[in-house]
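Notes follow once the structure below has been shown.
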Amino acid sequence: MKAVILVGGLGTRLRPLTCNTPKPMIPLVNQPFIVHVLENLRNQGIDEVILCVQYLADRFREALGDGSVLGLKIHVIEEPEPLGTAGAVKNVEHMLDGSTFVFNGDVLTDLDLRAMLAFHRERGSKLTIALTPVEDPTAYGLVEMDETGHIRRFMEKPRVDEITSNLINAGTYIIEPELFRYVPPKQHYMFERGLFPVVLQTRDPMYGYPSPAYWTDIGTPSAYLEVHHDILVGKVRYRFHGKEIGNRVWLVGDADIHPRAQVIGPVVIGPGVKIGAGAQIIGPTVIGAGCVIGAQARIEGAVLWENNQIAEGVALRSCVVGSHNQIGARTHITDGAVVGDSCIIEADNRLERGIRIWPETHLKERSISF
Ligand code: GDD
Ligand code: MG
């Protein structure tokens with residue numbers, strides 16, 4: 276069966292992590308997010324995937340090739356200009372045959388695709404939308420159904436006074452290609468604000484498929500951190516690469532851990548990592564390939580990408596650090612702070628409370644403190 280994945284968005288809310296890397300390519304526990312998504316689709320019986328991209332198409336082609344390494348057939352299709360979610364799929368309509376899965380490319384979920392397809396077929400649905408409960412639907416597409424699951428209303432980004440349910444569009448659809456007759460060709464057109472409301476005016480049945488399965492949109496730094504914590508504590512199905520050396524500590528390759536360093540799982544340590552004397556690495560934490568952690572540093576609940584140099588006495592807590600950064604001695608990066616790539620943060624800085632440091636920033640000693 277075929278699937279289309281929408282990976283065209285700019286990922287602005289995840290900046291600075293997406294300044295140099297398209298959102299679906301940012302690492303999820305040391306491998307590109309999209310690779311995890313693709314492995315999950317393959318494990319659930321999908322054999323051919325069309326990736327609808329808007330920019331940096333070559334990054335996808337380099338990383339995924341024709342998909343054979345992953346046991347899939349992958350096509351990377353670049354849009355001439357942003358076509359919107361439905362316009363992007365219309366653009367590849369000629370490649371579709373029969374019921375097709377469509378996925379938002381920034382969602383991590385354990386949704387059972389086979390069960391959803393069975394539901395779609397039993398109902399004779401033309402378009403089935405997976406639904407997930409959330410506390411605050413205002414950042415999502417709100418779905419209202421009748422008791423049979425027939426969708427009656429779809430409201431993208433509802434206002435607080437419009438909220439009538441906690442079930443939102445989980446960003447997975449099964450669609451019958453005939454519905455693309457409603458989508459205008461070669462122009463920007465959304466599922467959420469275009470096709471769904473249009474189909475509701477027709478006789479073509481549209482169903483909601485609620486699921487309690489794990490679900491998160493990785494669209495913001497705090498969601499990105501939370502997803503890592505969820506994976507590491509086992510809330511979501513995830514196949515760890517590397518070997519577990521006990522105490523829920525996974526080594527992805529060789530690492531040089533000082534005998535007086537302390538590693539308390541769940542922690543994933545990438546290849547070539549060095550951890551100095553007296554350093555403490557406390558889970559849930561991911562240390563990317565080639566990172567060097569100085570003596571007495573303390574890293575807790577953090578995600579580090581590749582090749583970071585962390586000096587002695589640094590404290591990293593509940594933060595994300597991109598690639599190729601130098602973090603000077605005794606600097607603290609905490610409480611949702613995010614550092615982009617290739618920054619030099621000199622000694623004794625305090626980066627806290629969701630601060631975002633853009634790539635290639637150079638911060639002198641003691642230039643930020645709260
Ligand atoms: N190819 C392509 N072209 N892809 C696009 C385009 C486009 O013009 N616009 C957006 N996308 C992709 C994004 O890359 C992302 O994977 C997906 O479509 C959804 O876009 P987001 O920008 O992440 O939307 P959202 O998170 O605000 O809302 C959407 O997802 C929610 C669930 O996470 C909506 O579908 C909501 O209804 C839904 O609840
Ligand atoms: Mg999103």
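Heads up: the sequence shown begins at 276 in our numbering, then just goes up one per residue.
All residues carry an ideal CB built from backbone N, CA and C; glycine is no exception.
Being a predicted model, the structure only gives us computed values, none of them experimental.
At a Cβ-Cβ threshold of 8 Å, Thr-495 and Arg-288 count as neighbours. Beyond the five residues adjoining it in sequence on each side, Asn-583 comes within less than 6 Å, by CB distance, of Cys-566, Val-596 and Asn-600 in the same chain, given in chain order.
For Tyr-330, no alpha helix (DSSP H) run applies, since DSSP gives it neither H nor E. With a cutoff of 7 Å, Thr-495 does not count as near the ligand GDD, since its C-beta is closer than that to no heavy atom of the ligand.
Per DSSP, Lys-401 has no beta bridge partner at all. Burial of Ser-400 is indicated by the presence of at least 16 other C-beta atoms within 10 angstroms of its C-beta. Within the DSSP secondary-structure output, Ile-568 pairs in a beta bridge with Ile-550 and Ile-585.
In this structure the region 354 to 367 lies against the region 319 to 335, because at least three pairs of beta carbons, one per stretch, are closer than 8 Å. Counting every other CB atom within 10 Å of its CB across the protein chains shown gives Trp-633 a total below 16, marking it as exposed. C-alpha of Ala-570 to C-alpha of Thr-606: approximately 13 Å in a straight line. Within the same chain, and ignoring the five residues on either side of Asp-505 in sequence, the residues whose Cβ sits closer than 6 Å to its Cβ are Val-511.
Counting only residues of its own chain and dropping the five nearest sequence neighbours on each side, Phe-378 has a CB closer than 6 Å to the CB of Ile-280 and Thr-447. Boundaries of the alpha helix (DSSP H) around Val-473: 471 to 475. Counting C-beta pairs with one atom in each stretch, the region 374 to 393 and the region 447 to 460 have three or more that are closer than 8 Å, which means they touch. Counting the other CB atoms within 10 Å of its CB gives Leu-285 a total below 16, which places it among the exposed residues. Closest in alpha carbon position to Pro-480, among Thr-413, Gly-424 and Gly-563, is Gly-424. Using a Cβ distance threshold of 8 Å, Ile-568 and Gly-551 count as a contacting pair. Straight across, the Cα-Cα distance linking Met-420 with Pro-546 is about 49 Å. A direct Cα-Cα distance of roughly 43 Å separates Ser-617 from Phe-429. The beta-bridge partner set that DSSP reports for Leu-500 is empty.
Under the DSSP definition of a beta bridge, Leu-281 partners with Cys-327 and Asn-379.
When DSSP states are grouped into helix, strand and coil, Gly-483 belongs to the strand group. Gly-362 sits in a helix when the DSSP states are folded into three classes. Straight-line spacing of the CA atoms in Leu-638 and Gly-629 works out to 17 Å.
In terms of Cα proximity to Glu-453, the closest of Ile-443, Glu-314 and Gly-373 is Gly-373.
Within the chosen limit of 7 Å, the ligand GDD does not reach the beta carbon of Tyr-448 with any heavy atom.
Comparing C-alpha distances from Leu-406 to each of Thr-293, Leu-417, Arg-398 and Gly-611 shows the shortest one belongs to Leu-417. In the structure shown, the three-state DSSP call for Asn-600 is coil. Taking a contact to require three or more Cβ pairs closer than 8 Å, the region 334 to 346 and the region 293 to 300 qualify as touching. DSSP places Thr-287 within a helical segment (H, G or I) once states are collapsed to three. In this structure, the straight-line span from the alpha carbon of Gln-555 to that of Tyr-489 is close to 30 Å. Around the beta carbon of Ser-486, 16 or more other beta carbons lie within 10 angstroms, which makes this residue buried. Cβ neighbours of Ile-443 within its own chain (closer than 8 Å, five residues either side excluded): Leu-406, Thr-407, Pro-408, Val-409, Pro-412, Tyr-415, Gly-416, Leu-417 and Val-418. Distances from the CA of Ala-393 to each of Tyr-482, Arg-478 and Leu-470 were compared; the closest alpha carbon is that of Tyr-482. A Cβ-Cβ separation of about 10 Å leaves Val-474 out of contact with Ala-361 under the 8 Å criterion.
At least one heavy atom of the ligand MG is found less than 7 Å from the C-beta of Asp-381.
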